Amino acid sequence: MIKQLVKNTLSFVAGTLGWSMVRRGNKKLIILMYHRVLPVNDPRYQREEPGMVVSDKTFAMHMQTLHDEKVPVMTVSDWLAQPESTRAALTVAITFDDGWLDNYEFAFPVLKQFGFRSTLYVVTDFLGKPAPFWPNKVLQLLLAEGAQPTDDWAPLLRLIDKRISLPLSRDEAAQVIDHLKSHSDHEIYQALAAIPAKQNNPVEMISTEQLVEAKDTMGVEIGSHTRRHYRLKEGLSEALLKEEIVDAKHILQEMTGAPVTTFCFPNGDFSAEAHKLVQSHYSAAVTTLRGINSAHNFDAHKLLRIGVHNDISDTPMKFKAKLSGWR
Ligand SMILES: [Zn+2]
Numbered sequence: 001m002i003k004q005l006v007k008n009t010l011s012f013v014a015g016t017l018g019w020s021m022v023r024r025g026n027k028k029l030i031i032l033m034y035h036r037v038l039p040v041n042d043p044r045y046q047r048e049e050p051g052m053v054v055s056d057k058t059f060a061m062h063m064q065t066l067h068d069e070k071v072p073v074m075t076v077s078d079w080l081a082q083p084e085s086t087r088a089a090l091t092v093a094i095t096f097d098d099g100w101l102d103n104y105e106f107a108f109p110v111l112k113q114f115g116f117r118s119t120l121y122v123v124t125d126f127l128g129k130p131a132p133f134w135p136n137k138v139l140q141l142l143l144a145e146g147a148q149p150t151d152d153w154a155p156l157l158r159l160i161d162k163r164i165s166l167p168l169s170r171d172e173a174a175q176v177i178d179h180l181k182s183h184s185d186h187e188i189y190q191a192l193a194a195i196p197a198k199q200n201n202p203v204e205m206i207s208t209e210q211l212v213e214a215k216d217t218m219g220v221e222i223g224s225h226t227r228r229h230y231r232l233k234e235g236l237s238e239a240l241l242k243e244e245i246v247d248a249k250h251i252l253q254e255m256t257g258a259p260v261t262t263f264c265f266p267n268g269d270f271s272a273e274a275h276k277l278v279q280s281h282y283s284a285a286v287t288t289l290r291g292i293n294s295a296h297n298f299d300a301h302k303l304l305r306i307g308v309h310n311d312i313s314d315t316p317m318k319f320k321a322k323l324s325g326w327r
């Protein structure tokens, strides 16, 4: 009770005082990181990890708040291209990771209404597919009503490495996902391949046509988020790094007929080799490192971002506290 009161008070201070401070002073770029945008009653919202989604209402409120506060919104590329003297004290960039269809359905129309540009980082092999990421496949298994592990689950359960009784709560499932991240993507996909997939899963990723439409008519810049969302950690072969970083760029340029100049590291991971390759093929790259970029001191290939999801940003005050760097 007291803890909650203290938390609310601190959040209020961050949302008022913190916000007024961040708006003034040295020139800064806040890059917001979104994943999914969905109505709360959409089954896709219910199936998703809480940290991955904001509701359509919360997203519209965020944009309304930026509009009301008269904060300039532009893409990272546009901000980088601006001469420093013309940069505002505070600029916000809006980024979406992965290329979810729901961004096209529920976020881009709102952005268009406000005249805000944004960047969508897509995984080229996943375009137009049902949810192809292993966390979604795992969640689907763990949260399904009446689900019972069969013998086919043995490889996956070995990786999960603890006793679970289904269905799990969303928070428990999120913990399992967190634990699974200690294994390689390849191992996890192999374990999942042993479990027969349900047929007719709906498409959850944006299609090539929608991507082009978003770029041409909704002010969306297309950025690269690799070919298969492999985490670019130590140990990935040179050939795989090239496919994920260089080939993805060429595929996207072919698809959109436009230069692709920005990159987003899957899960925020990068080895020294991966970083170097990105540096030589893109003019900027965003990470999941948390923070606000200062115009006087930033690395264009290691840009900091602030992740937003519904639970931590569902009032204008909480959103402004988040923008101020409040955890
Ligand atoms: Zn991603």
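Oh and the sequence shown: position 309 is 309 in the UniProt record's numbering, straight run, nothing missing.
Backbone N, C-alpha and C define an ideal beta-carbon position, used for all residues, glycine too.
Keep in mind that this is a model prediction, so the values were computed, not measured.
What span of residues does the beta strand (DSSP E) with residue i cover, start to end?
{"i": "GLU273", "result": "Careful: GLU273 lies outside any beta strand (DSSP E), inside the alpha helix (DSSP H) at 272-281."}
{"i": "residue 328", "result": "This structure gives no information on residue 328, because the portion of the chain shown stretches from 1 to 327."}
{"i": "MET33", "result": "28-34"}
{"i": "ILE222", "result": "220-224"}
Indicate the three-state DSSP secondary structure (helix, strand or coil) for residue i in the structure shown.
{"i": "ASP97", "result": "strand"}
{"i": "THR91", "result": "strand"}
{"i": "MET317", "result": "helix"}
{"i": "MET205", "result": "strand"}
{"i": "ALA191", "result": "helix"}
{"i": "THR119", "result": "strand"}
{"i": "GLU84", "result": "helix"}
{"i": "VAL71", "result": "coil"}
{"i": "PRO130", "result": "strand"}
{"i": "VAL40", "result": "coil"}
{"i": "ASN200", "result": "coil"}
{"i": "ASP125", "result": "helix"}
{"i": "LEU236", "result": "coil"}
{"i": "ILE164", "result": "coil"}
{"i": "GLU145", "result": "coil"}
{"i": "THR150", "result": "coil"}
{"i": "GLY268", "result": "helix"}
{"i": "ARG327", "result": "coil"}
{"i": "LYS48", "result": "A small correction: the amino acid at residue 48 is Glu; Lys does not occupy that position in the sequence shown. GLU48 falls in the coil class under three-state DSSP."}
Could you check if residue i belongs to the surroundings of ligand 1, using beta carbon to heavy atom distance under 6 angstroms?
{"i": "ASP171", "result": "no"}
Would you mind reading off the limits of the alpha helix (DSSP H) that contains residue i?
{"i": "SER20", "result": "19-23"}
{"i": "LEU76", "result": "With the sequence shown as reference, residue 76 is identified as Val, and Leu is not the correct amino acid for it. Start and end: 76-81."}
{"i": "PHE59", "result": "56-68"}
{"i": "GLN160", "result": "Correcting the residue type first, residue 160 is Ile in the shown sequence and not Gln. Its alpha helix (DSSP H) spans residues 154-160."}
{"i": "TYR230", "result": "No alpha helix (DSSP H) contains TYR230, which DSSP labels as neither H nor E."}
{"i": "THR16", "result": "Premise fails: THR16 is in no alpha helix (DSSP H) and is neither H nor E."}
{"i": "VAL110", "result": "108-114"}
{"i": "GLU105", "result": "No alpha helix (DSSP H) holds GLU105; DSSP gives it neither H nor E."}
{"i": "ILE251", "result": "248-256"}
Taking the DSSP output, what are the residues bridged to residue i?
{"i": "ARG290", "result": "ARG305"}
{"i": "ALA284", "result": "THR262"}
{"i": "LEU10", "result": "Its beta-bridge partners do not exist; DSSP assigns none."}
{"i": "VAL53", "result": "ARG36"}
{"i": "ASN297", "result": "SER294"}
Would you say residue i touches ligand 2, meaning its beta carbon is less than 6 angstroms from a heavy atom?
{"i": "GLU69", "result": "Only ligand 1 can be found as ligands here, which leaves ligand 2 out of the picture."}
Pull every residue with its beta-carbon under 6 angstroms away from any heavy atom of ligand 1, and keep them in chain order.
ASP97, ASP98, HIS225, HIS229, PRO266
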